[in-house]
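Line by line, the protein sequences are chains H and S.
Positions 22 to 133 (the working numbering) are the ones given, in order, by the first sequence.
Positions 58 to 168 (the working numbering) are the ones given, in order, by the second sequence.
Quick notes on the structure that follows.
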Amino acid sequence: SQTIHQWPATLVQPVGSPLSLECTVEGTSNPNLYWYRQAAGRGLQLLFYSVGIGQISSEVPQNLSASRPQDRQFILSSKKLLLSDSGFYLCAWSVHPNYEQYFGPGTRLTVT
Amino acid sequence: EDKVVQSPLSLVVHEGDTVTLNCSYEVTNFRSLLWYKQEKKAPTFLFMLTSSGIEKKSGRLSSILDKKELFSILNITATQTGDSAVYLCAHGGTSYGKLTFGQGTILTVHP
């Protein structure tokens, strides 16, 4: 069966510091991968998606970037964090763009 | 821009009650409507609906889609305290699988 992992689970970082969040998927090949952010409200906003290694598309302009160095690894990064980057970051995968997405456990980021 | 609106934003019921959660959408190219349940952390997948009028069921939960009136409902019968969560509705409408989420409904079930 497929499993999705994210780490760290929680992170407190000062403004201006770098960020690296990691997501890995097990039990499937060539998944579609997604990064979402959930702010203080409850809706999720898509940040990045990837259909293959090295293929990254951004949904919204922001202080963040994403990379996919391996088939089942998706990384969210920032060179300098802003206060507004605080939130709950969720990675998700799907076997096909038309199918349902499954979410990882998330990383709660607080920028101080 | 695709838009998904859920109502009510919050709901408080007692165990055994039946609840109906609503999701309306305004989208350019409809593909699917998805429901998720979010407790403390990750949203868990409940249903994906693509055709009007076909009910999907899983235990006490069921959902149906009306593509003419552009809405979906999620029903939970005989609610339990474990049903307390945020229920998220999302539209999946593009070739790369982007999900556009509503703001969610907070359901609280009291014993």
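Glycine included, every Cβ here is placed at the ideal spot set by N, Cα and C.
In this text the structure is predicted, and so the values were computed from the model without any measurement.
Is S:D123 helix, strand or coil when you go by DSSP?
If DSSP states are grouped into helix, strand and coil, S:D123 belongs with the strands.
With a Cβ-Cβ cutoff of 7 Å, do S:F104 and S:S89 count as a contact?
The answer is no: Cβ separation not under 7 Å.
Roughly how many whole angstroms lie between the Cα atoms of S:K94 and H:P118?
Each residue's Cα considered, the two are about 20 Å apart.
Leaving aside the five residues before and after S:T75 along the sequence, list all residues of the same chain whose C-beta is less than 6 Å from its C-beta, in chain order.
Taken in chain order, the residues that qualify are T134.
What whole-angstrom Cβ distance do H:G127 and H:L111 have, given they're in contact under 8 Å?
With a Cβ gap of about 5 Å, H:G127 and H:L111 count as contacting.
Comparing C-alpha positions only, which one of H:A60, H:E43, H:V33 and H:R129 sits nearest to S:F158?
Of the candidates H:A60, H:E43, H:V33 and H:R129, the one whose C-alpha sits nearest the C-alpha of S:F158 is H:A60.
Please list, in chain order, the residues of the stretch 92 to 105 of chain S that have any C-beta partner in chain H closer than 7 Å.
Answer in chain order: K98, A99, P100, F102 and M105.
Please state whether DSSP places S:T162 in a helix, a strand or coil.
Correct three-state label for S:T162: strand.
Verify the CB distance criterion: does H:Y70 have a CB-CB separation below 7 Å to chain S?
It does: the Cβ of H:Y70 has a partner Cβ on chain S nearer than 7 Å.
Apart from the five residues just before and just after S:L118, which ones in its own chain have a Cβ nearer than 6 Å to its Cβ?
Counting only Cβ-Cβ distances below 6 Å, and skipping sequence neighbours, we find I133.
For chain H, check one thing: does any of its Cβ atoms lie closer than 7 Å to the Cβ of S:G139?
For S:G139, the answer is no, since every Cβ of chain H falls outside 7 Å of its Cβ.
Just checking my contact of S:S155 with H:L67 at CB under 8 Å: how many whole Å lie between their CB atoms?
It should be noted that the sequence gives Lys, not Ser, for residue 155 of chain S. With a Cβ gap of about 5 Å, S:K155 and H:L67 count as contacting.
Can you find the residues in the same chain that come closer than 6 Å, C-beta to C-beta, to H:S86, ignoring five residues on each side of it along the sequence?
Only S98 meet the Cβ criterion.
Give the straight-line distance between the Cα atoms of H:Q122 and H:T131, rounded to the nearest whole angstrom.
Roughly 26 Å between the two C-alpha positions.
Shortest alpha-carbon distance to S:V143 belongs to which of S:L122, S:L131 and S:S81?
The shortest Cα separation from S:V143 among S:L122, S:L131 and S:S81 belongs to S:L131.
Please say whether H:F124 and S:A147 have beta carbons closer to each other than 7 Å?
Not closer than 7 Å, so no.
Assuming H:P52 contacts H:S115 (C-beta within less than 8 Å), just tell me the rounded distance between them.
With 8 Å as the limit, H:P52 and H:S115 qualify as a contact, their Cβ atoms being about 7 Å apart.
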